[in-house]
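K.L.:
Sending over a structure as structure tokens; questions will come in a sec.
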Amino acid sequence: MRSSLRAAFWICIYFLLVFSPLIILLVAPRAEGRTFWREFSVALGYAGLSLMGFQFIPTARLPFLSDVFPMDTLYSFHHKVSITSLALVAAHKAILIINRPSLVRLFNVFTAPGRARAATISLLAMIVLVLTSVRRKQFRIQYEHWRGIHIVLSVVAATLALVHIFGVGYHTANPAQRALWIVMPALWLLMVIYVRGIRTLILLRHPYQIAEVREERGNSWTLALEPVGHAGMRFMPGQVAWLTVQRLPIAIREHPFSFTSSAERTDRIEFTIRELGDFTSTVKTLRPMQCKPGQCVYVDGPYGIFDMDQYDVPGYVFIAGGIGSAPIMSMLRTMADRGDQRPLLFLYGNRDWESVIFREELDALKERLNLTLVHVLERPPEGWGGETGYINATMLDRHLSDDRAERTYFVCGPIPMMHAVEKALLELQVPLSRIHTERYEMA
Amino acid sequence: MHDVYAQRILIATVIGIIVLSALFAALQAGLL
Chain A
1031 MRSSLRAAFW ICIYFLLVFS PLIILLVAPR AEGRTFWREF SVALGYAGLS
1081 LMGFQFIPTA RLPFLSDVFP MDTLYSFHHK VSITSLALVA AHKAILIINR
1131 PSLVRLFNVF TAPGRARAAT ISLLAMIVLV LTSVRRKQFR IQYEHWRGIH
1181 IVLSVVAATL ALVHIFGVGY HTANPAQRAL WIVMPALWLL MVIYVRGIRT
1231 LILLRHPYQI AEVREERGNS WTLALEPVGH AGMRFMPGQV AWLTVQRLPI
1281 AIREHPFSFT SSAERTDRIE FTIRELGDFT STVKTLRPMQ CKPGQCVYVD
1331 GPYGIFDMDQ YDVPGYVFIA GGIGSAPIMS MLRTMADRGD QRPLLFLYGN
1381 RDWESVIFRE ELDALKERLN LTLVHVLERP PEGWGGETGY INATMLDRHL
1431 SDDRAERTYF VCGPIPMMHA VEKALLELQV PLSRIHTERY EMA
Chain B
9 MHDVYAQRIL IATVIGIIVL SALFAALQAG LL
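Same order as they appear, the protein sequences are chains A and B. Position 265, counted from 1, in the first sequence is what this note's numbering calls 1295; the numbers after and before it change by one each time, with no gaps. Position 1, counted from 1, in the second sequence is what this note's numbering calls 9; the numbers after and before it change by one each time, with no gaps.
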């Protein structure tokens, strides 16, 4: 099935899942003596929970979803839907209280009945969940700690919301509605079992060992891994994987990175990682070592469709900023190994000349590829004759060929740069369908 | 590119939820 058809299929399934409680409410027999605002509020509450529960699915890294939708879009969608579900649940409570102010007493977790207490604690868990996700960096919560908090709060919020629904029993006398709220949580639980159980077992049977830790320019390090007891992993250039280094994969200490090595090699895979705090700052301390218990690396992947092999086009344009060159490097190395001579243009933005990651290798790749390399420096050295500042429409217009609408574009780097480049490309009449972007901040 | 579609799906979700909820509430309250 074509990927657009598969995407349409999964979007229909999403709408069906999210709207199902409301559809069941609509077809249920009409009750007597109900008021508009109370029923409206209840429906919003149901929809909020169905959206909240749906969150367990896109983040489960299910192959049939990650083969169709970009991972960063799935995660960005997850963030926005979570905020929407919180807004719906909050609206559910607000409308109830505005409609009947005496119900405010149900917010007192010490005196309220259990079903109301469950709802309040669930709402609080959702608020903390969203706040700690949106403001993780401002709150200075380490990524690994945040992952743990996130999983616990998600399960608590969803479980207590279900306790509330069945405790109140409003509309759950309807067998279809009751069945729905048993089947849907079973599906969410299945996702948790799959992520934390089945996939962990698969990873444990496919360990890797550290073959090399190489210093790169720009405060970055390349981690080279070799498979132990298995043939390694096939991936597409541009895809990502989640790494768990020297811990068991159940430890929730995994981090997403792009493959930087050639997709033509499965016996050795590489990831180039810039020091940005948390785990990324520990890469330089790693040393090559045999895979012994507690010392192995687990690679969960490959994921994503930021992948040049999907598009058979006359040529590619790569636009990257800083460490955003990591997936581009995998594409260039793969094309060089394949002897691919299609025309390539790479606009590569960096702060200064010394921090240009892969600088020497990119020069060498020009000999093996039909590659035009344009360095763009924010702080150029004295006597620099190349491009300076930030990549913009005027600069792109200078370098793009006349067949610009026929090329496929891969853009990766800091979010402000990606937005500016995407806007500039659209101004230059590049069709939206030809522009592929990858954000680095998924979580 | 996909972000544009994701944004549209989210907007459709919110509109769908509000419309279906209002429809349900109006039916239950005997307004329709």
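Using N, Cα and C, we set each Cβ at its ideal position, and we do this for glycine too.
(1) Taking the alpha helix (DSSP H) that A/H1109 falls in, what are its first and last residues?
(2) Starting from the beta carbon of B/L18, find every residue of chain A whose beta carbon is closer than 9 Å, and list them in chain order.
(3) Closer than 8 Å by C-beta to A/H1429: which residues in its own chain qualify, once you throw out the five before and the five after it? Chain order, please.
(4) Does any C-beta atom of chain A lie closer than 9 Å to the C-beta of B/I25?
(5) Pick helix, strand or coil for A/C1042, following the three-state DSSP scheme.
(6) Using the three-state DSSP reduction, which class does B/G24 fall into: helix, strand or coil?
(7) Return yes when the Cβ of A/G1354 is within less than 9 Å of the Cβ of A/M1447, no when it is not.
(8) Taking 9 Å as the threshold (C-beta atoms), are A/P1410 and A/P1373 in contact?
(9) Would you verify that the beta carbon of A/E1436 is, or is not, closer than 9 Å to some beta carbon of chain B?
(10) Using CA coordinates, which residue listed in A/K1123, A/D1393, A/L1233 is at the minimum distance from A/M1263?
(11) Quick one: what's got a C-beta closer than 6 Å to A/A1058's C-beta in the same chain, skipping five residues either side?
(12) Please list, in chain order, all residues of the same chain as A/V1451 whose beta carbon is under 7 Å from its beta carbon, the five residues on each side excluded.
(13) Would the beta-carbon of A/P1332 fall within 9 Å of that of A/F1265?
(14) What is the DSSP secondary structure of A/L1316, reduced to helix, strand or coil?
(15) Over what stretch of residues does the beta strand (DSSP E) that includes A/F1440 continue unbroken?
(16) From B/Q36 to A/E1062, what does the alpha carbon distance come to, in whole angstroms?
(17) Closest to A/G1259 by C-alpha separation, out of A/R1235, A/S1250, A/W1251, A/E1242, would be which residue?
(18) For B/L31 and A/R1363, what's the separation of their Cα atoms in angstroms?
(19) Any beta-carbon of chain B closer than 9 Å to the one on A/A1073?
(20) If the cut is a Cβ gap below 8 Å, which residues of chain A does B/H35 touch?
(21) From the DSSP output, in three-state form, read off A/A1473 for me.
(22) Rounded to the nearest angstrom, what separates A/A1124 and A/A1117 at their Cα positions?
(23) Where are the alpha helix (DSSP H) runs, 4 residues long or more, that stay fully inside the region 1392-1465 of chain A, in chain order?
(24) Determine the burial state of A/F1169: buried for a count of at least 16 other Cβ atoms within 10 Å of its Cβ, exposed for fewer.
(25) Could you give the DSSP three-state label for A/V1329: helix, strand or coil?
(26) Any beta carbon from chain B within less than 9 Å of A/E1069's own beta carbon?
(27) Can you list, in chain order, the residues of the region 1309-1339 of chain A whose Cβ is nearer than 8 Å to any Cβ on chain B?
(28) For the beta strand (DSSP E) holding A/A1241, just list the boundary residues, first then last.
(29) Would you mind reading off the limits of the alpha helix (DSSP H) that contains A/A1356?
(30) Can you tell me which of the three DSSP states A/V1345 falls into?
(31) What residues from chain B crowd round A/A1077, counting only those whose CB sits closer than 7 Å?
(32) Output the boundary residues of the alpha helix (DSSP H) element that contains A/V1225.
(33) Residue range of the alpha helix (DSSP H) that B/L40 falls in?
(34) Would you say A/A1073 and B/A33 are within 9 Å of each other, going by their C-beta atoms?
(35) Say whether chain B places a C-beta atom closer than 9 Å to the C-beta of A/V1475.
(36) Can you tell which of A/T1290, A/L1458, A/G1199, A/A1142 has the C-alpha that lies nearest to the C-alpha of A/R1244?
P.N.:
In short:
(1) 1101-1129
(2) F1107, K1110, V1111, T1114
(3) L1375, L1377, T1402, V1404
(4) yes
(5) helix
(6) helix
(7) yes
(8) no
(9) no
(10) A/L1233
(11) N1204
(12) I1349, I1421, V1441
(13) yes
(14) coil
(15) 1438-1442
(16) 7 Å
(17) A/R1235
(18) 57 Å
(19) yes
(20) Note that residue 35 of chain B corresponds to Leu in the displayed sequence, not to His. Chain A residues near B/L35: L1056, R1060.
(21) For A/A1473, the predicted structure reports a pLDDT of 47, less than 50, and the residue's modelled location is therefore unreliable. The matter cannot be settled from this model.
(22) 10 Å
(23) 1423-1429, 1445-1457
(24) exposed
(25) strand
(26) yes
(27) none
(28) 1237-1246
(29) 1355-1368
(30) Reading off the sequence, residue 1345 of chain A comes out as Gly, not Val. Residue state, collapsed to three classes: coil.
(31) I25, S29
(32) Element bounds for A/V1225: n/a, residue is neither H nor E.
(33) First-last for B/L40: undefined, no H or E at that position.
(34) yes
(35) Shown here, chain A extends from 1031 to 1473; a query on residue 1475 of chain A therefore has no answer.
(36) A/T1290
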